[in-house]
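Each remark here refers to the structure printed beneath this line.
Numbering (the UniProt record's numbering), first residue to last: 1 to 164.
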């Protein structure tokens, strides 16, 4: 039951992921319709079996004010796959400003990346170029669909049409 369900708005745009339990409640209350069934099992009550949802669509269009993906420590590490962007390590992770704050660098999606403590300390108050470090993947602001893919872990084949 720890699978995720893709939630589409009334106009078939992806808006979020939810748990199978939440999706089933929305379906049961007729607040959503099932677009695609999961191939992994069924939901059972005492007297009936229901297909497990993979994609649901809300019956009514919900106006969602898109504020973007929150800039947070966890979201930056998730974007960078929880590995150091200099050496690839997954231990002792911290955040690093590409252009150091001491030189006017901002805390933004394009200036923050995940770094291990060793690489961050070696870089110090220098740019990666000055410290002789190369960035594996340039930091950029993730898209909503890309971030939903990261959040889901494993992606159901049915989702590809809606997340591209």
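We put the beta carbon where it would ideally sit given N, CA and C, even for glycine. Keep in mind that this is a model prediction, so the values were computed, not measured.
Out of 160, 142, 151 and 9, which has the shortest C-alpha to C-alpha gap to residue 63?
Closest option to residue 63, judged by alpha-carbon separation, among 160, 142, 151 and 9: 9.
Proximal residues to residue 135 (C-beta, below 6 Å), its chain only, five neighbours per side dropped:
85 and 128
Within the stretch 52–84, note down every full alpha helix (DSSP H) run reaching 4 residues or more, in order along the chain.
73–79
Taking one C-beta from the stretch 113–122 and one from the stretch 30–49 each time, how about it: are there three or more such pairs within less than 8 Å?
no
Specify the secondary structure class of residue 146 as computed by DSSP and reduced to three states.
helix
Tell me, to the nearest whole angstrom, how far the beta carbon of residue 31 is from that of residue 59; I am working on the premise that it is less than 8 Å.
6 Å
Note down the Cα distance separating residue 76 from residue 22, rounded to an integer number of angstroms.
27 Å
On the CB-based measure, 16 or more other CB atoms within 10 Å of its CB, does residue 121 come out buried or exposed?
exposed
Do residue 98 and residue 139 come within 8 Å of each other at the CB atom, strictly closer than that value?
yes
Assign residue 79 to buried or exposed, taking buried as 16 or more other Cβ atoms, counted over all protein chains shown, within 10 Å of its Cβ.
The C-beta of residue 79 has 16 or more other C-beta atoms within 10 Å across all chains shown, which makes the residue buried.
Nearest-angstrom Cβ-Cβ length linking residue 14 and residue 148, presumed shorter than 8 Å
6 Å
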